[in-house]
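Note sheet for the following structure.
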């Protein structure tokens, strides 16, 4: 994100500035889908952080999507998508790992 901050296009700079808030909101939304495991929440946050620019911000810039819609897609849409995937796939596996680690520590 920092590499594009000096861009001359006002739309690009607005998207980059709003992406920090979108990143936080998407991680929070994704975390709601991972209720049973702290590790699943960490995995969701990592997936959000790794994929936000590649799958949301840059395609929105490329297709000239307005900044407000980009923020909605990034914060709500992408966070919900990752949260749903984590709740269905990652969370059960991570829950088992979390329970195993807790039982070893006790």
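In the numbering used here, the protein residues as written are 4 to 109.
Even glycine gets a Cβ: it sits at the ideal position worked out from N, Cα and C.
Check: Hey, how far is the Cα of residue 64 from the Cα of residue 45?
Finding: For the purposes of this step, residue 64 is identified with residue 61 of the chain shown, where counting begins at 1. For the purposes of this step, residue 45 is identified with residue 42 of the chain shown, where counting begins at 1. Their backbone Cα atoms lie some 28 Å apart in a straight line.
Subject >> Counted within 10 angstroms of its Cβ, other Cβ atoms place residue 72 as buried (16 or more) or exposed >> reply: The residue given as residue 72 occupies position 69 in the chain shown. Under this definition residue 72 is an exposed residue.
> Nearest CA to the CA of residue 38: which residue from 23, 109, 90 and 79?
Replying inline: Position 35 of the chain shown holds residue 38. Nearest option by C-alpha distance: 90.
* To do: For the alpha helix (DSSP H) containing residue 110, list its first residue and its last residue.
  => Given that the chain is displayed from residue 4 to residue 109, the structure contains no residue 110 and the question cannot be resolved.
- Message: Is the separation between the beta-carbon of residue 50 and that of residue 33 shorter than 9 Å?
- Response: In the chain shown, residue 50 corresponds to position 47, counting from 1. In the chain shown, residue 33 corresponds to position 30, counting from 1. Yes, the pair counts as a contact, with Cβ atoms nearer than the cut-off.
Does the CB of residue 85 have a neighbour CB from chain D at under 9 Å? Of the protein chains in the structure, only one exists, and it is not chain D.
Requested in this report: Could you pull the start and end residues of the alpha helix (DSSP H) that residue 50 belongs to?
Outcome: Here residue 50 refers to the residue found at position 47 of the chain shown. Residue 50 -> alpha helix (DSSP H) spans 41-55.
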